[in-house]
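K.L.:
Numbering (my numbering), first residue to last: 66 to 713.
Structure (structure tokens):
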């Protein structure tokens, strides 16, 4: 069974609200009096908040409550007191104990029935500013003291998972021992250095929890309705037995929502004085003009034109369109110094330089009717970048200049171009195309982080749903975005960890880049990464898993028929690219995104290309980022690239 299904198991099978409904009447909050069912609903006030407790003073057999010894039950992580009641009465510990013990159920702060506070609301970040340290220092003593005060007796204690960690930490400080009779620990958790769950260890070693915290995601909350629907879709998939999901791993599904402040910031408009021309080009002494292009599907894209060299000499070479890669924007062509950045180098060599910015990035957030806060705004993949963004920008440059243009793409920018060329689109407006770190096939992808993300992504599950837009709104995953402040804080924290080198993070994703300038890292992190549509990432993940270059797969024959008129997504046939169209391909031996073996598959599809129309450059020590940020890229890549242009 795939990792995707394993990652869903824990919360779905232990914590889903549908399984709780039969028992939730025990947890109603009608006051602190004994209810008709004999259950007491109680509120405990800690030094910093309010917790709910439930008391079961007698079992189903009834009888005198008497002086039965109290037992306090403490649940584990991402659960609450209902976990002791989920099974039938003859199988649930709380109900089994009730015939002979005075049973008390604790509910940790932040769980459904313990969301009160003396001064804070759940929406306040400060409400979530705690760890299990505070559970030890505040929640645990408060509940113990309350049971002791109410019963006048010492208590037995039963903990599960995190409930044990809380207990042993408190007991190690000799707290509460005077109020205890005994302790029972189920699945005791204290030391975790030898944890064997591969996904849990992977999450810990990759600082997943720290990342959420540093990004300002204060509350970690699985959304009930959306998760229920997701589980239903998983259970429908061929070969999936939901009763066996727990056997694979016990792990967590992270569903989180960015703050309203972040969404407001993300959707804010930009002043012209804050554009790329003003901030990145004119400051270097180059003339630059901002342009706006509207696609056929309503997205408003920004473009920048550099028509002169720094010396003020007007361009005497054809126009060149630069298209960036995934989760970056046009600034990537300008991040290095003018004598190291391709956009400046081309301008100084007489080219009329045009810089594109894909939809959803910082400078291309406009739309004729939608806002970035609308889920529909993000309902696209690189199919739409091919069909709309690329065609709009190429057409615009030709209309403005009256000339055919050269094209330079990096990473995703090469995939867009190759897909378009395979359909014989735009070729009449282009002189040639230079593809740096070309992406067409991704099945051999060796980048461990990216492959793990693709293998564990929710694409298969989400694709089975018949209503993409509404489902995404419920999951709140339509946009994959890190605002620049959060990203900078995240990477700054990771970089500060012992033994961590920031370049190692880049290496894990892009391969071992040989030639990056560390002094430019701060500037890069101040602007990148840029947002993209989660649907776009799903599409890329499909390429990794399926080993094909095809249109977006909606996951079932009916939906594919609705979109394409055929049960499977149409392929982009690389072999259909006209053999006389000039192509320059440059790829690196250390690149773990544009892998050498995947590039060889592309080249095999281009084997009938006319020899003088296909220039292939292999750079052994280059990785993915070197082609854009390498300090020696001028000599190694850009000079050969311009020589290629002059031949066309």
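The C-beta atom is built at its ideal place from N, Cα and C for all residues, glycine as well.
Which same chain residues, not among the five before or five after residue 646, have their C-beta less than 7 Å away from its C-beta?
P.N.:
Within the same chain, residue 646 has close Cβ partners 486, 492 and 678.
K.L.:
Can you look up residue 121 in the DSSP assignment and give me helix, strand or coil?
P.N.:
Strand.
K.L.:
Can you tell me whether residue 381 is buried or exposed, with buried defined as 16 or more other CB within 10 angstroms of its CB?
P.N.:
Flag for residue 381 reads exposed.
K.L.:
Could you check what DSSP says for residue 354 in three-state terms: helix, strand or coil?
P.N.:
It is a strand residue.
K.L.:
Assign residue 239 to buried or exposed, taking buried as 16 or more other Cβ atoms, counted over all protein chains shown, within 10 Å of its Cβ.
P.N.:
Exposed, since its Cβ has fewer than 16 Cβ neighbours within 10 Å.
K.L.:
Between 415, 390 and 440, which has its C-alpha nearest residue 426's C-alpha?
P.N.:
Minimum Cα distance to residue 426 is reached at 390.
K.L.:
If you measure between the beta carbons of residue 471 and residue 501, is that distance less than 8 Å?
P.N.:
The answer is no: Cβ separation not under 8 Å.
K.L.:
Give the straight-line distance between the Cα atoms of residue 91 and residue 173, rounded to the nearest whole angstrom.
P.N.:
Unreliable positioning characterises residue 91 in this predicted model, as indicated by a pLDDT of 42, which lies under 50. A coordinate reading is not provided.
K.L.:
Compute the beta-carbon to beta-carbon distance between residue 421 and residue 458, rounded to the nearest angstrom, for a pair I have assumed lies under 8 Å.
P.N.:
With 8 Å as the limit, residue 421 and residue 458 qualify as a contact, their Cβ atoms being about 5 Å apart.
K.L.:
List the endpoints of the continuous beta strand (DSSP E) containing residue 650.
P.N.:
Residues 648-653.
K.L.:
Apart from the five residues on each side of it in sequence, which residues of its chain come closer than 8 Å, Cβ to Cβ, to residue 373?
P.N.:
Once the five neighbours on either side are set aside, the close Cβ partners of residue 373 are 351, 352, 379, 380 and 412.
K.L.:
DSSP on residue 615, reduced to helix/strand/coil?
P.N.:
If DSSP states are grouped into helix, strand and coil, residue 615 belongs with the strands.
K.L.:
Which residue wins for smallest C-alpha separation from residue 668, given the options 356, 430, 708 and 503?
P.N.:
Of 356, 430, 708 and 503, the residue nearest in Cα terms is 503.
K.L.:
Pick out whichever of 402, 450 and 490 has its Cα sitting closest to the Cα of residue 601.
P.N.:
Ranking the options by Cα distance to residue 601, first place goes to 450.
K.L.:
Could you have a look at residue 641 and say whether DSSP puts it in helix, strand or coil?
P.N.:
In this structure, residue 641 counts as helix in the three-state DSSP scheme.
K.L.:
Here's a check: name, in chain order, each residue in its chain whose Cβ is nearer than 7 Å to the Cβ of residue 176, leaving out the five neighbours to either side.
P.N.:
Closer than 7 Å at the Cβ level, and outside the excluded window around residue 176, lie 145.
K.L.:
To which residues of the same chain is residue 141 closer than 7 Å at the C-beta, ignoring the five residues directly before and after it?
P.N.:
So the list reads 225, 226, 227 and 228, once near-sequence residues are dropped.
K.L.:
Going by alpha carbons, who is nearest to residue 181 out of 147, 111, 235 and 248?
P.N.:
Comparing Cα positions, the closest option is 111.
K.L.:
Taking C-beta to C-beta, are residue 401 and residue 696 nearer than 8 Å?
P.N.:
The answer is yes: Cβ separation under 8 Å.
K.L.:
Can you find the residues in the same chain that come closer than 7 Å, C-beta to C-beta, to residue 397, ignoring five residues on each side of it along the sequence?
P.N.:
Cβ within range, chain order: 389 and 693.
K.L.:
I need the DSSP call for residue 179, collapsed to helix, strand or coil.
P.N.:
Coil at residue 179, not helix or strand.
K.L.:
Secondary structure at residue 393, three-state DSSP: helix, strand or coil?
P.N.:
In the structure shown, residue 393 sits in coil (DSSP, three-state: anything other than H, G, I, E or B).
K.L.:
Taking contact to mean at least 3 C-beta pairs separated by less than 8 Å, is the segment 362-377 in contact with the segment 651-670?
P.N.:
Judged by Cβ distances under 8 Å, the segment 362-377 makes no contact with the segment 651-670, as fewer than three pairs qualify.
K.L.:
Per DSSP, which one or two residues make a beta bridge with residue 500?
P.N.:
474 and 650.
K.L.:
In the segment 209-265, which residue ranges form an unbroken alpha helix (DSSP H) of at least 4 residues, counting only runs that do not cross its ends?
P.N.:
Qualifying alpha helix (DSSP H) stretches, in chain order: 227-237.
K.L.:
What are the boundary residues of the beta strand (DSSP E) that residue 629 is part of?
P.N.:
Segment 622-629 is the alpha helix (DSSP H) holding residue 629; no beta strand (DSSP E) there.
K.L.:
Within the present structure, is the beta-carbon of residue 239 separated from the nearest heavy atom of the ligand ATP by less than 7 Å?
P.N.:
In the structure shown, the ligand ATP is absent, as is every other ligand, since no ligand is present at all.
K.L.:
If I follow the unbroken beta strand (DSSP E) through residue 147, where does it start and stop?
P.N.:
Element bounds for residue 147: n/a, residue is neither H nor E.
K.L.:
Does the Cβ-Cβ distance between residue 632 and residue 615 come in under 8 Å?
P.N.:
Taking 8 Å as the Cβ cut-off, residue 632 and residue 615 do not qualify as a contacting pair.
K.L.:
Using the DSSP secondary-structure output, state which residues sit across from residue 115 in a beta bridge.
P.N.:
BP columns for residue 115 point to 110 and 181.
K.L.:
What do you reckon, are the CB atoms on residue 446 and residue 604 nearer than 8 Å?
P.N.:
It is a contact, given that the beta carbons lie within the stated cut-off.
K.L.:
Using a 10 Å radius around the Cβ and a threshold of 16 neighbouring Cβ atoms, would you call residue 179 buried or exposed?
P.N.:
Buried: at least 16 other Cβ atoms inside 10 Å.
K.L.:
How would you label residue 377, buried or exposed, when you count the other beta carbons within 10 angstroms and need 16 or more for buried?
P.N.:
The residue is exposed, with fewer than 16 neighbouring Cβ atoms inside 10 Å.
K.L.:
Mapping DSSP to helix, strand and coil, what is residue 696?
P.N.:
In this structure, residue 696 counts as coil in the three-state DSSP scheme.
K.L.:
My guess is that residue 241 and residue 206 are in contact by the Cβ rule of under 8 Å, so how many angstroms apart are they, rounded?
P.N.:
About 6 Å; that satisfies the 8 Å criterion.
K.L.:
Could you check where the alpha helix (DSSP H) with residue 418 kicks off and where it finishes?
P.N.:
Here residue 418 belongs to no alpha helix (DSSP H); instead the beta strand (DSSP E) covers 417-421.
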